[in-house]
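Participant:
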Amino acid sequence: MLPLNQIIKVLQDYPELGDALNYEGLVTCVNLLQILQPDLSLYLGPDKTEPPEHLPLSMHDFLKLSLCIEDETCKLVWKALREVAWDPDYDTDRDMKDRNLVQERCVELFLKYGFSRGLAFHSLHPPYTTCIDPGCAKESLSDTGALLERNLVEGIRLPCTVFTHKIGALPGYHTSKYCRSSRYYVNYYVRDENADGQYTRAYYKKEPTMLQTSQHFFVERELCELFATMMVSSWTSATNCARIYNDGISTKHLHAALPATSTHRLQMTIDDVWNGFFLHSLILDHSERDMTLRLDHDAPSQMMRLQPALHVHNMRMRGPGQEEWSHACDVCSWHFTDEDGVNNVIDGVNMGCPCCGVHDCDDPLKSVRDHFCAEHSDLRNQCAVVACVEPVEAGFKTCKLQEHRAFEVRYYEHGQGMFQLKKRLERIKVNQPNDSMSLGSKSHPLLVPADSINNPATLLPDDAPQRPTDVDSADSAGSEGVGDEDDEVTIDAMGEICDDKPEAGNRTLRAKFGRTRSHNEELCVASCGIIRGRARFFGSEAPNGVRWFIIQLYPTKGSLPSVIWHDNNCRLTAMLRNDTDERLRTYFDDVALPVDVFHFKSKHKESDLDCGRYCNPYIWPELRTDDGKWRFNSSAAEQTNAWYGGFLAIVRDMQADRYEFFLDEMIKRRNRFIVTELRRKGKNPYNIPREDLLPEDAEYLI
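As structure tokens, then:
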């Protein structure tokens, strides 16, 4: 509450205020003045720290209308309360029995009386009043050798939209200030640092309250955190985050107080959600590592601006990059004979993002709508029939051979949508819709003239159904779950899907249409549920790919866990035994490689002697307790896949760097939750020191 001694002093000095304002009016007045203080400071000189003698006319009129007082009374109110409102130690929250109610009341006053006068509840400013660059300091004229910080001046004030956590979207203003070679914004300052003259944004290390997610839009940090929690906890897509915000959080009755001439966009979009998520995550990551986030100021879009930082983060996450990579606890490890037996379970889940159509090529696509990377881009003009190298005819996906054109006709005759549904039904384990309120498919109907079905030569270029190519939409921050109709499909001459090798051998003609996606995600999961690492497999989940995934994740023999469960360890051990490279053949000699219990009992034949000889989990007594039960959960990866696969609809059309970053961020957040639960249950989670597992003098295979 407003301190009683201050109330008494104000009323003693200005007794006539008691007739104009009651206690609630005094509190509202101080709250409004405190909100106006940052903008009011723009009217003062850089060295002025005291409040001005008089309010600017716009603020005077706003205060008068908000408090329902006369002109002279308003002047008296400012004279009486300006010192209290200017006091940096005054905490407006102390005066709010119901903070949200008082905040909403102030917002309503700003919308009703302030907006038309250029005033806003949210007026955002840089967190500094002087330049923080040591090289920018100037010499003191009075104290020889002393350096003085330069004041920030030349404020530029622009309108914006602020998406808040508590009371929805509001119109606001954001101000930038200048200091010699740098301009300071709300979240960052910009200076010419690069040799080629490019301008770079250096983000402040102070944790921001509001994040500038695009040129004139800000999202409250608490709201970004809420969206991230919704995503990791319930697979909530950006589409549904935006809908929940617009329909459930945004306070529409406040918007009614805006003038009809207002042009502010107050509806949150998918791009707003994604831009907030990625920027918030990058700032948190750099803050935790005590580093400064630097982004290109002149990037053509926020997506392009964030992409280099996302890529650098993704490279750091490869191999032992996850913060819980060296996790251990009472659930996933068991100490015996002075050795620490740590268990990992490895398995794959079918999900992926668009990638190059050349098998096992991991070069990035320029656009998520592309079918090939830059190096293989010439293949987009090659006939869709497998092994045919002839160029396509204009408007078609096949060459001029009638036999090959028939594939394209059958493809359109059956309809791409049916192919996608059939293929996805076979592959997908878990899936959540990216849009829970979708009104229907975004696909366009595929119609082929009837005579073209019997006579492929009559199919004209204009008859071949063309998908819309909205590059801006496809590559925007909000692209999620919108590209099913262009998924890769391989068909035979009858129009049937033939993903596997044909029984008639490789001579049977096949044609491939649509974009290729990476094959699957491979997870390495501790028996307690902690995800230690992940990798994207491009071509297949072959044993050699699994081996190199493990080696990349555990690049020294000393970092390998004691036990690695995998449902295909029998093929992995067979490959290891036959490897001619001694280092690869012996790399896993000290590691138990059993098949998990469920797969060994139900998926592997008893006649498979090698599997029973090398991968039967019963071989290792350490895996069983004294009463004959299995000591560890060998199905942890399968259970984790159920959670991980829920992100399929969200990530399926993400650009590769965003795809990798998003999944790593979801894993990090889930791991932190699990560690908290393990600690609560007394399971003693801890991290083995990395320097013990990855010493500098160790031999690395990669």
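Each residue of the sequence shown is one higher than the last, beginning at 0 in numbering that gives the first Met the number 0. Heads up, the beta-carbon is just placed ideally off N, CA and C, and yes, glycines get one too.
With a CB to CB cut of under 6 angstroms and the five nearest residues on each side skipped, what residues in its chain are close to Asp527?
Facilitator: Residue 527 sits at position 528 when you count from the first residue of the sequence shown. Note that residue 527 is Cys in the sequence shown here, rather than Asp. For Cys527, where only same-chain residues beyond five positions count, the Cβ hits under 6 angstroms are Cys328, Val330, Cys331.
Participant: Just how far apart, CA to CA, sit Val189 and Pro133?
Facilitator: Taking the sequence shown and counting its residues from 1, the one referred to as residue 189 is at position 190. Taking the sequence shown and counting its residues from 1, the one referred to as residue 133 is at position 134. Going from the Cα of Val189 to the Cα of Pro133 covers about 15 angstroms.
Participant: Hey, could you find the ends of the alpha helix (DSSP H) Thr585 is sitting in?
Facilitator: If you number the sequence shown from 1, residue 585 lands on position 586. Taken as a continuous stretch (DSSP letters only), the alpha helix (DSSP H) holding Thr585 covers 581-585.
Participant: Based on the DSSP secondary-structure assignment, which residues constitute the bridge partners of Glu219?
Facilitator: If you number the sequence shown from 1, residue 219 lands on position 220. Looking at the DSSP assignment, Glu219 forms a beta bridge with Met209.
Participant: Less than 8 angstroms between the CB atoms is what I'm expecting for Arg671 and Ala227, so what's the real figure, rounded?
Facilitator: Position 672 of the sequence shown holds residue 671. Position 228 of the sequence shown holds residue 227. Wrong, their Cβ atoms sit about 11 angstroms apart, outside the cutoff.
Participant: Do the region 386-406 and the region 505-524 make contact, defined as three or more Cβ pairs closer than 8 angstroms?
Facilitator: Counting Cβ pairs under 8 angstroms, three or more are found: they touch.
Participant: To the nearest angstrom, how far is it from the Cα of Phe646 to the Cα of Trp234?
Facilitator: In the sequence shown, counting from the first residue as 1, residue 646 sits at position 647. In the sequence shown, counting from the first residue as 1, residue 234 sits at position 235. Near 6 angstroms, if we compare the C-alpha coordinates of Trp234 and Phe646.
Participant: Which residues in the same chain as Leu225 place their Cβ atom closer than 7 angstroms to its Cβ, once the five residues preceding and following it in sequence are excluded?
Facilitator: Locating residue 225 in the sequence shown gives position 226, counting from the first residue. Closer than 7 angstroms at Cβ, skipping near neighbours: His164.
Participant: Alpha carbons only, please: which of Cys135, Val391, Arg368, Ser366 is nearest the one belonging to Leu378?
Facilitator: Counted from its first residue, the sequence shown places residue 378 at position 379. When only C-alpha atoms are compared, the closest one is Val391.
Participant: Count the other CB atoms, across all protein chains shown, that sit within 10 Å of the CB of Pro299; report buried if there are 16 or more and exposed otherwise.
Facilitator: Counting from 1 along the sequence shown, the entry for residue 299 is found at position 300. Exposed: under 16 other Cβ atoms inside 10 Å.
Participant: Would you grab the beta carbon distance between Ser286 and Glu206 for me? Rounded to a whole angstrom, and I think it's under 8 angstroms.
Facilitator: On the sequence shown, residue 286 is found 287 positions in, with the first residue counted as 1. On the sequence shown, residue 206 is found 207 positions in, with the first residue counted as 1. Confirmed, about 7 angstroms.
Participant: How many Å lie between Ser175 and Pro51 at the Cα?
Facilitator: The residue labelled residue 175 in the question sits at position 176 within the sequence shown. The residue labelled residue 51 in the question sits at position 52 within the sequence shown. Taking the straight line from one Cα to the other gives about 22 angstroms.
Participant: Leaving out five residues before and five after Cys372 in sequence, what residues of the same chain have Cβ atoms less than 7 angstroms from its Cβ?
Facilitator: In the sequence shown, residue 372 corresponds to position 373, counting from 1. Excluding positions up to five away in sequence, the list reads Cys355, Cys360, Asp362, Pro363, Leu364.
Participant: Within 10 Å of its beta-carbon, does Val152 have 16 or more other beta-carbons around it, so buried, or fewer, so exposed?
Facilitator: By one-based count along the sequence shown, residue 152 stands at place 153. Val152 comes out exposed.
Participant: What is the rounded straight-line gap between the Cα of Cys523 and the Cα of Leu662?
Facilitator: What you label residue 523 is simply residue 524 of the sequence shown in a count that begins at 1. What you label residue 662 is simply residue 663 of the sequence shown in a count that begins at 1. Cα to Cα, Cys523 sits roughly 14 angstroms from Leu662.
Participant: Are the beta-carbon atoms belonging to Asp578 and Lys556 less than 9 angstroms from one another?
Facilitator: Start at 1 with the first residue of the sequence shown, and residue 578 comes out as number 579. Start at 1 with the first residue of the sequence shown, and residue 556 comes out as number 557. In this structure, Lys556 does not lie closer than 9 angstroms to Asp578 by Cβ.
Participant: Use the C-beta contact count for Asp246: other C-beta atoms within 10 angstroms, 16 or more gives buried, fewer gives exposed.
Facilitator: In the sequence shown, residue 246 corresponds to position 247, counting from 1. Classification of Asp246: exposed, given that the 10 Å Cβ count is below 16.
Participant: Tell me the residue span of the alpha helix (DSSP H) that contains Arg81.
Facilitator: As a working mapping, residue 81 is identified with position 82 in the sequence shown. Counting along the chain, the alpha helix (DSSP H) containing Arg81 begins and ends at 70-85.
Participant: Considering only residues of the same chain and omitting the five flanking positions on each side of Trp77, which have a CB-CB separation below 7 angstroms?
Facilitator: In the sequence shown, the residue the question calls residue 77 occupies position 78. Taken in chain order, the residues that qualify are Leu54.
Participant: Can the beta-carbon of Asp271 be found closer than 9 angstroms to that of Val185?
Facilitator: On the sequence shown, position 272 is the one that residue 271 refers to. On the sequence shown, position 186 is the one that residue 185 refers to. No, Cβ-Cβ distance for Asp271 and Val185 is not below 9 angstroms.
Participant: Figure out for me which residue from Ser517, Ser280, Cys382, Glu71 has the closest Cα to the Cα of Leu400.
Facilitator: Sequence index remark: in the sequence shown, residue 400 carries index 401 (1-based). Nearest of Ser517, Ser280, Cys382, Glu71 to Leu400, Cα basis: Cys382.
Participant: Assuming Arg535 and Ser517 make a contact with CB atoms under 8 angstroms, what is their CB distance in whole Å?
Facilitator: To locate residue 535, count along the sequence shown from 1; it is residue 536. To locate residue 517, count along the sequence shown from 1; it is residue 518. Their Cβ separation, rounded to whole angstroms, is 5 angstroms, which keeps Arg535 and Ser517 in contact under 8 angstroms.
Participant: For Leu583 and Asp566, what's the separation of their Cα atoms in angstroms?
Facilitator: Taking the sequence shown and counting its residues from 1, one reaches residue 583 at position 584. Taking the sequence shown and counting its residues from 1, one reaches residue 566 at position 567. Approximately 20 angstroms, taken between the alpha carbons.
Participant: In this structure, what does DSSP give as the bridge partners for Tyr699?
Facilitator: The sequence position of residue 699 within the sequence shown is 700, counting from 1. Paired residue(s): none; Tyr699 is not in a bridge.
Participant: Report yes if the C-beta distance between Tyr187 and Tyr203 is below 9 angstroms; otherwise report no.
Facilitator: Taking the sequence shown and counting its residues from 1, one reaches residue 187 at position 188. Taking the sequence shown and counting its residues from 1, one reaches residue 203 at position 204. Yes.
Participant: What do you reckon, are the CB atoms on Leu552 and Trp324 nearer than 9 angstroms?
Facilitator: As a first step, residue 552 must be located in the sequence shown, where it is residue number 553. As a first step, residue 324 must be located in the sequence shown, where it is residue number 325. Result yes, Cβ atoms of Leu552 and Trp324 sit closer than 9 angstroms.
Participant: Look up Cys354 in the DSSP assignment and say whether it is helix, strand or coil.
Facilitator: Start at 1 with the first residue of the sequence shown, and residue 354 comes out as number 355. Of the three classes helix, strand and coil, the one that applies to Cys354 here is strand, per DSSP.
Participant: Less than 6 angstroms between C-beta atoms, sequence neighbours within five positions excluded: which residues of the same chain meet that for Glu521?
Facilitator: In the sequence shown, residue 521 corresponds to position 522, counting from 1. Cβ within range, chain order: Gly347, Ala534, Phe536, Phe548.
Participant: Cα separation between Thr268 and Met302?
Facilitator: Sequence index remark: in the sequence shown, residue 268 carries index 269 (1-based). Sequence index remark: in the sequence shown, residue 302 carries index 303 (1-based). Using only the alpha carbons, I get a separation of about 14 angstroms.
Participant: Only counting the same chain, and skipping five residues up and downstream in sequence, which positions put a Cβ closer than 6 angstroms to that of Gln266?
Facilitator: On the sequence shown, residue 266 is found 267 positions in, with the first residue counted as 1. Answer for Gln266: Asn245, listed in chain order.
Participant: Keeping to the same chain, check which residues put their C-beta closer than 6 angstroms to that of Gln211; ignore five residues upstream and five downstream.
Facilitator: In the sequence shown, the residue the question calls residue 211 occupies position 212. Excluding sequence neighbours, Gln211 sits near Val185, Asn186, Phe217.
Participant: Name the DSSP beta bridge partners of Glu138, please?
Facilitator: Taking the first residue of the sequence shown as position 1, residue 138 is located at position 139. According to DSSP, Glu138 bridges with Leu146.
Participant: Could you compute how far the alpha carbon of Gln5 sits from the alpha carbon of Ala84?
Facilitator: Reading the sequence shown from its first residue, position 6 is the one you call residue 5. Reading the sequence shown from its first residue, position 85 is the one you call residue 84. C-alpha separation (whole angstroms): 11 angstroms.
Participant: Quick check: the Cα distance between Ile166 and Leu108, rounded to an integer number of angstroms?
Facilitator: As a working note, residue 166 is residue 167 in the sequence shown. As a working note, residue 108 is residue 109 in the sequence shown. If I take the Cα positions, the gap works out to 14 angstroms.
Participant: Ignoring anything shorter than 3 residues, give me the beta strand (DSSP E) runs that lie fully in the region 510-540, in order along the chain.
Facilitator: Runs of the beta strand (DSSP E) inside the region 510-540: 510-512, 519-525, 530-536.
Participant: Between Asp652 and Cys398, what straight-line distance do the alpha-carbon atoms span, to the nearest angstrom?
Facilitator: Position 653 of the sequence shown, counted from the start, is the residue given in the question as residue 652. Position 399 of the sequence shown, counted from the start, is the residue given in the question as residue 398. If I take the Cα positions, the gap works out to 29 angstroms.
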